[in-house]
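Residue numbering for the sequence shown follows the working numbering, beginning at 4 and increasing consecutively. Beta carbons: idealized from backbone N, C-alpha and C, even for Gly. Here's the structure, in C-alpha cells; my notes come after.
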Amino acid sequence: MSSIAELCVIESGAVEAHSLDDYESEKPRWCKGCGDHGVLASLQRVLRKNNLEPENVVSVSGIGCSSRLPHYL
Numbered sequence: 004m005s006s007i008a009e010l011c012v013i014e015s016g017a018v019e020a021h022s023l024d025d026y027e028s029e030k031p032r033w034c035k036g037c038g039d040h041g042v043l044a045s046l047q048r049v050l051r052k053n054n055l056e057p058e059n060v061v062s063v064s065g066i067g068c069s070s071r072l073p074h075y076l
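Next up, the structure:
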C-alpha cells in the first residue's frame with residue numbers, strides 16, 4: 004500500500020501555494036473532544052504540505068459523524 008507522501012512528490016524547496024483555509028468549507032459540527040477534529044486537521048495539513056489542489060482532492064467517507072468529513076474539506 005502506498006502512502007500519500009509516496010504518491011505526491013514535491014520538489015525540494017517548493018513553496019506551499021495554499022493556506023489551511025483553502026481546505027476548509029465551514030465550521031465542523033462535531034462534539035467537543037471528538038477525535039474527528041484531529042483527523043480533519045491532520046488531513047488538511049497533509050493536503051497543504053503536499054501542495055495538492057483542493058479541487059483535485061476526492062474524499063470518501065462511511066456513515067455516522069465521520070461521514071461529515073468530506074463536507075468540511
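{"Check": "CB contact check: Arg32 to chain D, cutoff 8 Å", "Outcome": "No chain D is part of this structure, which consists of one protein chain only."}
{"Check": "Residues near Ala20 in its chain [Cβ-Cβ closer than 7 Å; skip 5 each side]", "Outcome": "Asn54"}
{"Check": "Reference Val80, options His40, Lys52, Gly67, Tyr75, closest by Cα", "Outcome": "This structure gives no information on residue 80, because the portion of the chain shown stretches from 4 to 76."}
{"Check": "Residue of Asp25, Asp24, Cys34, Asp39 minimising C-alpha distance to Leu72", "Outcome": "Asp39"}
{"Check": "Span of the alpha helix (DSSP H) around Gly38", "Outcome": "38 to 52"}
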